[in-house]
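This report refers to the structure that appears directly beneath it.
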Amino acid sequence: MENPTDEHGKLSEPFLTSSPSKGGFRTLPFILAMEAFERVAIVGITTNMIVYLTGEFGMETATAASVIFVWSAATGFTPIIGAFIADSYMGKYPMIGIGTIIGFLGMILLWSTAMIPQARPYCDQFNTICEAPTIPQLLLLYFSLGLISIGAGGIRSSFMAIGVDQLDERNNSHGFFNWCYVTLMFSSLIAVTLIVYIQDNMGWKMGFGVPVMLMFLSAVAFFLPSSFYIKLKPKASLLTGLAQVIVASFRNRHIALPSHAANEVYYIREGSMLQVPSEKLRFLNKACMIKNPQEDLTSKGTASNPWSLCTIDQVEDLKALIRVMPLCSAGIMLSVTVNQGSLMVIQAGTMDRHVTSNFEIPAASFSLFMMISVVVWIAFYDQIALPLASKIKGQPVRLGLKQRMGIGLLCSCASMVASAFVECTRRKIAIEEGFSDEPQAVVHMSALWVLPFYVLAGLSEAFNAIALIEFCYSNLPKTMSTIAANVNGLGGFTGNLVASLITSMVDNVTKKEGKAGFRVI
Numbered sequence: 067m068e069n070p071t072d073e074h075g076k077l078s079e080p081f082l083t084s085s086p087s088k089g090g091f092r093t094l095p096f097i098l099a100m101e102a103f104e105r106v107a108i109v110g111i112t113t114n115m116i117v118y119l120t121g122e123f124g125m126e127t128a129t130a131a132s133v134i135f136v137w138s139a140a141t142g143f144t145p146i147i148g149a150f151i152a153d154s155y156m157g158k159y160p161m162i163g164i165g166t167i168i169g170f171l172g173m174i175l176l177w178s179t180a181m182i183p184q185a186r187p188y189c190d191q192f193n194t195i196c197e198a199p200t201i202p203q204l205l206l207l208y209f210s211l212g213l214i215s216i217g218a219g220g221i222r223s224s225f226m227a228i229g230v231d232q233l234d235e236r237n238n239s240h241g242f243f244n245w246c247y248v249t250l251m252f253s254s255l256i257a258v259t260l261i262v263y264i265q266d267n268m269g270w271k272m273g274f275g276v277p278v279m280l281m282f283l284s285a286v287a288f289f290l291p292s293s294f295y296i297k298l299k300p301k302a303s304l305l306t307g308l309a310q311v312i313v314a315s316f317r318n319r320h321i322a323l324p325s326h327a328a329n330e331v332y333y334i335r336e337g338s339m340l341q342v343p344s345e346k347l348r349f350l351n352k353a354c355m356i357k358n359p360q361e362d363l364t365s366k367g368t369a370s371n372p373w374s375l376c377t378i379d380q381v382e383d384l385k386a387l388i389r390v391m392p393l394c395s396a397g398i399m400l401s402v403t404v405n406q407g408s409l410m411v412i413q414a415g416t417m418d419r420h421v422t423s424n425f426e427i428p429a430a431s432f433s434l435f436m437m438i439s440v441v442v443w444i445a446f447y448d449q450i451a452l453p454l455a456s457k458i459k460g461q462p463v464r465l466g467l468k469q470r471m472g473i474g475l476l477c478s479c480a481s482m483v484a485s486a487f488v489e490c491t492r493r494k495i496a497i498e499e500g501f502s503d504e505p506q507a508v509v510h511m512s513a514l515w516v517l518p519f520y521v522l523a524g525l526s527e528a529f530n531a532i533a534l535i536e537f538c539y540s541n542l543p544k545t546m547s548t549i550a551a552n553v554n555g556l557g558g559f560t561g562n563l564v565a566s567l568i569t570s571m572v573d574n575v576t577k578k579e580g581k582a583g584f585r586v587i
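Just so we're aligned: the sequence shown equals residues 67 to 587 in this note's numbering.
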């Protein structure tokens, strides 16, 4: 607990090894394929969802953006819930299996809103005049999005952790995390190009039908090698254990801590390597102090009341979780930045997207530049920058995890500066060309000006997201491995809610005194 993996240590063993009976390299392609299919499906519908909601459901831009922010927040938070359930009750394998099935059902329901005319409000052929959606239509839409979020939570909560379970050594996970992230980026590239192209050129029936098939393939890819997975059983409930530490430390708040820790003072779980609690967050140590052995312990040596006496391991688990939360919360504003993609789609749609006279980039496909920057940087960092720096210095060289997270936050700030500059310029041109009352009009400004935002946002993801996962995984115990792979999602969840709040505030403020409200002008 007090000696996490050294972030500067050299990886002396290959990260992919195989077992003669269970696990090993042979299971990883199926796990990655399962997540790749799921990621293509969900990113494919998310990227263009604002166009679907404003065009087919007649929502205002601010309303549609808020719906997407809340949905994205839910999709970011469900993996955290799934992680606790997987580590405490169900295990990783059942959690992923249920997630693929629920996600598939959610995709079918969303597809039905495009297939069945009565499932969405009536709009004219140009989508300029739409009726207001009815309550049943909105309920069907929101229920389908909710199922997709729950399914994504089941899959994303455990796929990294179950992948690491297949490896022999936990410390060999660095390469797995990196190339797993590269796989996800390539999946997202396919989503924002192929799926978006299908939606723009073949309609929403086909555009949502393809993700349905992808979710089906995701389930097949996961269940196919079931007999070869290493399936670790969950331990005791983590949530209950953490809650017991909080309650026990509060009940024992008046007990004085000993000046010198001794084994006989604390309750030690049988077989535990921890003999005394750490000195950090000492007030929690009161939860594992034995006050009266005759009253606190049973004849078998177990706690008479686990809500008054906890093991040292329980206390250290809670301490580890508390220690990683500040850095996880630092990613909130980064999530606010990266999740501006829906509004950037509307912005790019009002700019000149032609690359040649006969080809223009779909507005929703500009996010592929963010993913390209992630993939290129990861490959450059691992295969060129680190080996070259190590060769020059004559010893292994790596940026520290906290350094990488800090650089990611700086790139995030720079991306918003670039975005603000481009929007000020675009708005000025729109007003000069007389389009202030025509928010959908295309101005004479190349959409390639949005590339700095996407490139810098991609670099912020490459630096911050992977480093944060590694940090959490190396600072939390193995019993919390699923939580470690998903605790960074808390920043994404909060970031989406903050983004929704900002959008609503801007919309309400700009509607005052007869102004048009939140829109691209």
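Glycine included, each C-beta is placed from N, C-alpha and C at the ideal position.
All of these numbers come straight from a predicted model, not from anything done at the bench.
Checklist entry - According to the neighbour-count rule (16 or more other Cβ atoms, all chains shown, within 10 Å of its Cβ), is GLN184 buried or exposed? => result Position 118 of the sequence shown, counted from the first residue, corresponds to residue 184. In the assembly as shown, GLN184 is an exposed residue. Its beta-carbon has fewer than 16 other beta-carbons within 10 Å.
Checklist entry - Touch check for the region 151–158 and the region 557–577: three-plus C-beta pairs under 8 Å? => result No, they do not touch.
Next on the checklist: Taking a contact to mean a Cβ-Cβ separation below 8 Å, would you say PRO277 touches ILE296 in this structure?
Outcome noted: Along the sequence shown, read from residue 1 onward, the residue named residue 277 stands at position 211. Along the sequence shown, read from residue 1 onward, the residue named residue 296 stands at position 230. Taking 8 Å as the Cβ cut-off, PRO277 and ILE296 do not qualify as a contacting pair.
Checklist entry - Could you give the distance in angstroms between the alpha-carbon of SER485 and the alpha-carbon of CYS477? => result Translated into positions along the sequence shown, residue 485 becomes position 419. Translated into positions along the sequence shown, residue 477 becomes position 411. Just so you know, the alpha carbons of SER485 and CYS477 end up roughly 12 Å apart.
Next on the checklist: Could you compute how far the alpha carbon of LEU534 sits from the alpha carbon of GLU498?
Outcome noted: In the sequence shown, the residue the question calls residue 534 occupies position 468. In the sequence shown, the residue the question calls residue 498 occupies position 432. Per the coordinates, the alpha-carbon of LEU534 lies some 45 Å from the alpha-carbon of GLU498.
Checklist entry - How would you label ARG419, buried or exposed, when you count the other beta carbons within 10 angstroms and need 16 or more for buried? => result Position 353 of the sequence shown, counting from 1, holds the residue named residue 419. Burial call: buried.
Checklist entry - DSSP on ASP266, reduced to helix/strand/coil? => result In the sequence shown, the residue the question calls residue 266 occupies position 200. In this structure, ASP266 counts as helix in the three-state DSSP scheme.
Checklist entry - Since VAL331 and TRP373 are thought to touch, with beta carbons under 8 Å apart, how far apart are those beta carbons, to the nearest angstrom? => result Here residue 331 refers to the residue found at position 265 of the sequence shown. Here residue 373 refers to the residue found at position 307 of the sequence shown. In fact, because the Cβ distance is near 19 Å, the residues do not count as touching under 8 Å.
Next on the checklist: DSSP has GLU426 in a bridge; who is on the other side?
Outcome noted: Mapped onto the sequence shown, residue 426 falls at position 360. Beta-bridge partners of GLU426 (DSSP): HIS420.
Checklist entry - Under 8 Å between the Cβ atoms of MET281 and MET173? => result Taking the sequence shown and counting its residues from 1, the one referred to as residue 281 is at position 215. Taking the sequence shown and counting its residues from 1, the one referred to as residue 173 is at position 107. Closer than 8 Å, so yes.
Next on the checklist: Among ILE108, ALA107, GLU126, whose alpha-carbon lies nearest the alpha-carbon of ILE116?
Outcome noted: Within the sequence shown, numbered from 1, the residue matching residue 116 stands at position 50. Out of ILE108, ALA107, GLU126, GLU126 has the C-alpha closest to the C-alpha of ILE116.
Checklist entry - Which residue's Cα is closest to the Cα of ALA528: LEU175, THR416, SER439, PHE225? => result What you label residue 528 is simply residue 462 of the sequence shown in a count that begins at 1. Looking from the CA of ALA528, the closest CA among LEU175, THR416, SER439, PHE225 belongs to SER439.
Checklist entry - Taking just the CA atoms, how far does GLY460 sit from PRO453? => result Counted from its first residue, the sequence shown places residue 453 at position 387. Counted from its first residue, the sequence shown places residue 460 at position 394. Answer to the nearest angstrom: the Cα atoms are 10 Å apart.
Item to check | DSSP three-state assignment for ALA386, whether helix, strand or coil | outcome: On the sequence shown, residue 386 is found 320 positions in, with the first residue counted as 1. Residue state, collapsed to three classes: helix.
Checklist entry - How would you call ILE228, buried or exposed, if buried means at least 16 neighbouring beta carbons within 10 angstroms? => result Position 162 of the sequence shown holds residue 228. Counting Cβ neighbours within 10 Å, ILE228 comes out buried, since at least 16 surround it.
Checklist entry - Among THR560, MET417, ALA565, which one has its Cα closest to the Cα of ALA507? => result Position 441 of the sequence shown, counted from the start, is the residue given in the question as residue 507. Comparing Cα-Cα distances from ALA507 to each of THR560, MET417, ALA565, the minimum goes to MET417.
Checklist entry - Hey, out of GLY110, HIS320, SER223, LEU204, whose CA is closest to GLY165's CA? => result Numbered from its first residue, the sequence shown carries residue 165 at position 99. The shortest CA-to-CA distance from GLY165 to any of GLY110, HIS320, SER223, LEU204 is the one to SER223.
Item to check | Inter-stretch contact at 8 Å, needing at least 3 Cβ pairs: the region 514–532 / the region 378–385 | outcome: No, the region 514–532 does not touch the region 378–385.
Item to check | Paired residues, beta bridge with LEU363 - DSSP | outcome: As a first step, residue 363 is located in the sequence shown; it is residue number 297 there, counting from the start. DSSP, once it has assigned bridges, lists ALA369 as partnering LEU363.
Checklist entry - Which term fits GLN341, buried or exposed, when burial requires 16 or more other beta carbons within 10 angstroms of its beta carbon? => result Here residue 341 corresponds to residue number 275 of the sequence shown, with the count starting at 1. Taking every protein chain shown into account, the CB of GLN341 has fewer than 16 other CB atoms within 10 angstroms, so this residue is exposed.
Checklist entry - So which of SER456, ILE458, GLY557, GLY337 has the shortest CA-CA distance to PRO392? => result In the sequence shown, counting from the first residue as 1, residue 392 sits at position 326. Of the listed residues, the one whose Cα sits closest to PRO392 is GLY557.
Checklist entry - With 16 as the cutoff for other CB atoms within 10 Å, does ASP503 come out buried or exposed? => result To locate residue 503, count along the sequence shown from 1; it is residue 437. Per the 10 Å Cβ criterion, exposed.
Checklist entry - Which one or two residues does DSSP pair with CYS196 in a beta bridge? => result If you number the sequence shown from 1, residue 196 lands on position 130. For CYS196, the pairing in a beta bridge is given by DSSP as CYS189.
Checklist entry - GLU104 lies in the alpha helix (DSSP H); which residues open and close that run? => result As a first step, residue 104 is located in the sequence shown; it is residue number 38 there, counting from the start. Secondary structure note for GLU104: its alpha helix (DSSP H) is the uninterrupted segment 94–113.
Next on the checklist: Going by beta-carbon coordinates alone, are GLU536 and GLN413 separated by less than 8 Å?
Outcome noted: Against the sequence shown, residue 536 aligns to sequence position 470. Against the sequence shown, residue 413 aligns to sequence position 347. No; because the gap between Cβ atoms is not below 8 Å, this pair is not in contact.
Checklist entry - When the Cα atoms are used, what is the spatial distance from GLN203 to VAL258? => result The sequence position of residue 203 within the sequence shown is 137, counting from 1. The sequence position of residue 258 within the sequence shown is 192, counting from 1. When rounded, the distance between both Cα atoms is 27 Å.
Checklist entry - Is it buried or exposed for GLU426, if we count other Cβ within 10 angstroms and need 16 for buried? => result Position 360 of the sequence shown, counted from the first residue, corresponds to residue 426. With fewer than 16 Cβ atoms within 10 Å of its Cβ, GLU426 is classed as exposed.
Checklist entry - Are three or more beta carbon pairs between the region 94–101 and the region 207–225 nearer than 8 Å? => result Contact holds: three or more Cβ-Cβ distances are below 8 Å.
Checklist entry - How big is the Cα-Cα spacing for LEU363 and ILE321? => result For the purposes of this step, residue 363 is taken as the residue at position 297 of the sequence shown. For the purposes of this step, residue 321 is taken as the residue at position 255 of the sequence shown. Looking at the two C-alpha atoms, the distance is approximately 17 Å.
Next on the checklist: Our contact map puts THR569 next to SER132 with C-beta atoms below 8 Å; I'd like the distance itself, whole angstroms only.
Outcome noted: As a working note, residue 569 is residue 503 in the sequence shown. As a working note, residue 132 is residue 66 in the sequence shown. Rounded, the Cβ-Cβ distance is 6 Å, consistent with contact.
Next on the checklist: Give me the residue from LYS494, PRO359, GLU361, LYS352 with the minimum Cα distance to MET511.
Outcome noted: Here residue 511 is taken as the residue at index 445 of the sequence shown, counted from 1. Out of LYS494, PRO359, GLU361, LYS352, LYS494 has the C-alpha closest to the C-alpha of MET511.
Checklist entry - How far does the alpha helix (DSSP H) with TYR65 in it reach, from first residue to last? => result Given that the chain is displayed from residue 67 to residue 587, the structure contains no residue 65 and the question cannot be resolved.
Next on the checklist: In this structure, how does DSSP classify MET355 when only helix, strand and coil are distinguished?
Outcome noted: Counting from 1 along the sequence shown, the entry for residue 355 is found at position 289. The answer is strand: DSSP assigns MET355 an E or B state.
Next on the checklist: Within the continuous alpha helix (DSSP H) that includes ALA128, where are the two ends?
Outcome noted: The sequence position of residue 128 within the sequence shown is 62, counting from 1. Taken as a continuous stretch (DSSP letters only), the alpha helix (DSSP H) holding ALA128 covers 127–151.
Item to check | Residue environment, PRO80, which counts as buried when at least 16 other CB atoms sit within 10 Å | outcome: Counting from one through the sequence shown, the residue named residue 80 turns up at place 14. At PRO80 the pLDDT is 40, less than 50, meaning the model places this residue with poor confidence and gives no usable figure here.
Checklist entry - Is it buried or exposed for TYR333, if we count other Cβ within 10 angstroms and need 16 for buried? => result Looking up residue 333 in the sequence shown gives position 267. Buried is the call here.
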